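K.L.:
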Amino acid sequence: MVHARLREWAGRVIHEQQAEVRNRLKYVLRDRDPLSLQLSEQPERVNLPALESERRLTIAGEDSELLDPGQLMIEVFGRGDIAGKLLILGTPGAGKTTLLLSLAEQLLTGANTQACAEGYDNPKTVIPVIFELSTWKNDIQSIQDWLIDQLYDLYGGDRKLKRYEQWLEQRVLLPLLDGLDELGMERQQKCMAKLNEFTRQYPQVVVCCRSKEFEESEIRLGNLRGAVELEPLSDRQIQAYLQQVEREGLWRQIQETPEMWQMLESNNGEAGLLRVPLFVSLAAAIYDRNQPFRTKGELLERYIDRQLKLDVRMSDRRKELERRKWAYTTVEKEPEVKLTRRYLTWLARQLDEISEVDFLIERMQPNWLGKTNRYVYRLIVCLFFGLIFTAVFGMNGLNFLIFGLMMGLMLGLFHPRIRPLESLQISMSRASIKDLTIPRKAVLVLSPFFALVGVLIYRGSLG
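If you read the sequence shown in this note's numbering, its first letter stands for residue 217, the second for the next number, and so on.
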């Protein structure tokens, strides 16, 4: 029975990962035609002997420019000399995460196909899962323990069954690690040291990082067996893409505008802005033959303005309406553009301060508030608990209200961080229902609440 539950749980995680990866790819590639990318091998990045000359990755003798990058990655990942231990590098916006998602999609498809044929209990059936290294916050935590915590956070489950611990012991979990560069250099180096400890024994892992941040680190991921780097776009690739999206005039504009032409040139060893896929696609989106942009800031500003225009928002709403419910019933009820920009700027700063990439509502904390709003928040907490104490114990007068306020203040000061009790995961299969347990923390927190409700109802019935 236990093995049946483990098999069913593995299948569930694979299916959920497939859905998440497809949604992320759909979002990343939404309204964009994919650019052809080029990869080069960089064995010296993982302390392997450098090649006699830098070579492009090829399959069956074909130039990698003509190949689907995702297909290319799965071939490289499975090569005998790399054997599933790979480093992916590139500049910001070069397509590292998209490449990792494409690799994950193919690995998940293969895992699902193999599991359907041989069963999830087959020791050869790996379970690929994408993790964000930006959530590694404890400098002394091992990567294995962090992976286990992340799996419980993402998919829930009863810790007594030690599902995820068994996956790591049996080497069936395939970690795909993104966002190493989001940690900041000091923590990044500590994380890389922990990764070296983990990869010394673990057979398969993929790590994704920005080239510059990786080079600046004094530590190398020497246990990985191969490294690939996304190369800057060539003139031919840029022109082919602009022709595909019917923006041929943008290439002429680049040639005729000195400031834009300069954006093709490398700067301090980094690729020129307009040789990065993300910025080429943004430039194509805001192209105006009568109004060239001259700086990176101007490009981003005009793209944001475009995305916040009424017609673009209405178009996006129509595309997504069938798939999800929006907070605002009509586009006219959405916040004004100025207010939207203000809140997006604030949110971006908060995420940057805590080295987070993805915004999740459950991870918002009171310390994100400004100084004045933090005081307001604590005052509300104090009033809330003061009123509860007064209502429950039925004491009148100012003294007990003050006592309640003091208790609320203590709770606000000593428990400043909000944590979700448990990821809510529901499966109505028979095995999952038997496996369903109520977390102790939930019992401890909810019991006093229901007791309070019962007391109030009882007192109300007595008049």
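We put the CB at the ideal spot given by N, CA and C, even for glycine.
Note that the structure is a prediction, hence the values are computed from the model and not measured.
Measuring alpha carbon to alpha carbon, tell me which residue in Ala320, Arg441 and Ser497 is nearest aspartate 297.
P.N.:
Among Ala320, Arg441 and Ser497, the Cα nearest to that of aspartate 297 belongs to Arg441.
K.L.:
Any idea which residues DSSP pairs proline 344 with across the strands?
P.N.:
Per DSSP, Leu390.
K.L.:
Can you give the Cα-Cα distance for arginine 294 and arginine 416, rounded to whole angstroms?
P.N.:
For the sequence presented, residue 294 should be read as glycine rather than arginine. C-alpha separation (whole angstroms): 19 Å.
K.L.:
So the beta strand (DSSP E) lysine 301 belongs to, where does it begin and stop?
P.N.:
Segment 301–306, the beta strand (DSSP E) holding lysine 301.
K.L.:
Go ahead and pull the three-state DSSP assignment for valine 496.
P.N.:
Valine 496 falls in the helix class under three-state DSSP.
K.L.:
So is leucine 563 buried or exposed if we call it buried at 16+ other beta carbons inside 10 Å?
P.N.:
Counting Cβ neighbours within 10 Å, leucine 563 comes out exposed, since fewer than 16 surround it.
K.L.:
Of the residues Gly395, Asp394, Ile364 and Arg452, which one's Cα is nearest the Cα of leucine 384?
P.N.:
The residue with the shortest Cα to Cα distance from leucine 384 is Ile364.
K.L.:
Locate the alpha helix (DSSP H) running through glutamate 472, then write down its first and last residues.
P.N.:
Per DSSP, glutamate 472 belongs to the alpha helix (DSSP H) from 464–472.
K.L.:
Closest by CA to alanine 310, which one among Lys376, Arg426 and Gly438?
P.N.:
Taking only the C-alpha atoms, the option nearest alanine 310 is Arg426.
K.L.:
Touch check for the stretch 432–439 and the stretch 314–324: three-plus C-beta pairs under 8 Å?
P.N.:
The answer is no - the stretch 314–324 does not touch the stretch 432–439, with fewer than three Cβ pairs under 8 Å.
K.L.:
Cα separation between alanine 501 and glutamate 348?
P.N.:
Approximately 29 Å between the Cα atoms of the pair.
K.L.:
Tell me where the beta strand (DSSP E) around arginine 441 begins and ends.
P.N.:
No beta strand (DSSP E) holds arginine 441; DSSP gives it neither H nor E.
K.L.:
When you compare only the Cα positions, how much space is there between valine 444 and leucine 303?
P.N.:
Straight-line Cα distance between these residues: approximately 6 Å.
K.L.:
For asparagine 583, name the three-state secondary structure that DSSP assigns.
P.N.:
Reduced to three states, the DSSP call for asparagine 583 is helix.
K.L.:
In angstroms, rounded to a whole number, what distance separates the CA positions of valine 592 and phenylalanine 600?
P.N.:
Distance between the alpha carbons of valine 592 and phenylalanine 600: 12 Å.
K.L.:
Taking the alpha carbon of proline 493 as the point to measure from, which residue in Gln420, Leu370, Pro448 and Arg558 has its own alpha carbon closest?
P.N.:
Checking every option, the nearest Cα to that of proline 493 belongs to Pro448.
K.L.:
Write down the C-beta distance between leucine 392 and valine 345 rounded to the nearest angstrom, noting that I regard them as a contact closer than 8 Å.
P.N.:
That pair is a contact at about 7 Å.
K.L.:
When you compare only the Cα positions, how much space is there between glutamine 196 and proline 551?
P.N.:
Since the first and last residues shown for the chain are 217 and 679, residue 196 lies out of range.
K.L.:
Roughly how many whole angstroms lie between the Cα atoms of alanine 499 and cysteine 424?
P.N.:
When rounded, the distance between both Cα atoms is 26 Å.
K.L.:
Taking the DSSP output, what are the residues bridged to glutamate 486?
P.N.:
Paired residues: Asn483.
K.L.:
Go through its chain and collect everything with a Cβ distance to proline 308's Cβ below 8 Å, but skip five positions before and after it.
P.N.:
Same-chain partners within the cutoff: Arg426, Val492 and Leu494.
K.L.:
Under a three-way DSSP split, which group does leucine 449 fall into?
P.N.:
The answer is coil: DSSP assigns leucine 449 none of H, G, I, E or B.
K.L.:
Contact check, arginine 510 vs methionine 476 under 8 Å by CB: the rounded distance?
P.N.:
Sure, about 7 Å apart at Cβ, within 8 Å.
K.L.:
Going by DSSP in three states, valine 237 sits in which element: helix, strand or coil?
P.N.:
Of the three classes helix, strand and coil, the one that applies to valine 237 here is helix, per DSSP.
K.L.:
Throw me the rounded Cβ distance for the serine 350 and glycine 395 pair, which I believe falls under 8 Å.
P.N.:
Correct: roughly 4 Å between the Cβ atoms.
K.L.:
From arginine 240 to glutamine 523, what distance separates their C-alpha atoms?
P.N.:
Spanning the two alpha carbons is a distance of roughly 19 Å.
K.L.:
Mind checking which residues open and close the alpha helix (DSSP H) that includes valine 461?
P.N.:
Premise fails: valine 461 is in no alpha helix (DSSP H) and is neither H nor E.
K.L.:
Could you tell me which residues DSSP puts in a beta bridge with arginine 426?
P.N.:
DSSP output for arginine 426 lists Gly306 as bridge partner(s).
K.L.:
Nearest-angstrom Cα distance between lysine 650 and leucine 516?
P.N.:
Note that lysine 650 scores a pLDDT of 38, beneath 50, so its modelled location is shaky; the value from the coordinates is reported in the next line. Using only the alpha carbons, I get a separation of about 52 Å.
K.L.:
Per DSSP, which one or two residues make a beta bridge with valine 421?
P.N.:
According to DSSP, valine 421 bridges with Lys301.
K.L.:
At the level of alpha carbons, what is the spacing between lysine 406 and glutamine 459?
P.N.:
Distance between the alpha carbons of lysine 406 and glutamine 459 is about 45 Å.
K.L.:
Assuming the contact rule is C-beta atoms closer than 8 Å, arginine 379 and tryptophan 225 should be a hit. Round their C-beta distance to whole Å, please.
P.N.:
Their Cβ separation, rounded to whole angstroms, is 6 Å, which keeps arginine 379 and tryptophan 225 in contact under 8 Å.
K.L.:
Grab me the residues of glutamate 486's own chain with a C-beta within less than 7 Å of its C-beta, minus the 5 sequence neighbours each way, in chain order.
P.N.:
Result list for glutamate 486: Thr307 and Lys428, in chain order.
K.L.:
How close, in whole Å, do the beta carbons of alanine 327 and valine 342 come, if the pair is a contact with beta carbons under 8 Å?
P.N.:
So it is a contact: roughly 6 Å between Cβ atoms.
K.L.:
Would DSSP call aspartate 568 helix, strand or coil?
P.N.:
Three-state DSSP puts aspartate 568 in a helix.
K.L.:
Please state whether the Cβ-Cβ distance between glycine 227 and alanine 299 is less than 8 Å.
P.N.:
Their beta carbons are not under 8 Å apart, which means glycine 227 does not touch alanine 299 by this criterion.
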